[in-house]
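Input: a single structure, listed below in structure tokens.
Numbering (full-length UniProt numbering), first residue to last: 1 to 129.
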């Protein structure tokens, strides 16, 4: 089971996110297709999903739309990051239903804070009746 699903292929970001997540006791699983993302989310719903919105070949916008269209998955927190020059991507991600959309630089700056929030959400979820 993974606390956080990652839809990305950039190994630099993968290692940054994993290191930050592991520092607060979270586990991560990387997927590279929308189908794998949905399958893993249905089998073991993660606390959050982080998507690289700039990797269009991974179809992150389709992934967000599919998650938000599924009643069982729409509550999973989605966090997307994008190149700051691609404001069109920010708008499209918000329209698809992404919960938090950040420029890549802001995502990196807030990464520790974000994984702490995800860890707190995991605790709240596991304590829920």
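Virtual Cβ for every residue (Gly too), placed ideally from N, Cα, C.
* Measure how close the beta-carbons of residue 122 and residue 47 come, nearest whole angstrom, since I'm counting them as under 8 Å. => 5 Å
* Take residue 53 as the anchor and find which of 77, 39, 63 has the nearest alpha-carbon. => 63
* To the nearest angstrom, report how far apart residue 97 and residue 84 are at their CA atoms. => About 19 Å.
* Ends of the alpha helix (DSSP H) at residue 91? -> Element bounds for residue 91: 87-96.
* Asked: Leaving out the 5 sequence neighbours to the left and right, which residues in its chain are closer than 8 Å to residue 99 when beta-carbon positions are compared?
  -> 77, 78, 79
* Asked: So residue 52 is in the beta strand (DSSP E); what residue range does that whole segment cover?
  -> 48-52
* Pull up the CB-CB distance for residue 58 and residue 9, whole angstroms please, since I reckon it's below 8 Å. => Indeed, because the Cβ distance is near 7 Å, the residues count as touching under 8 Å.
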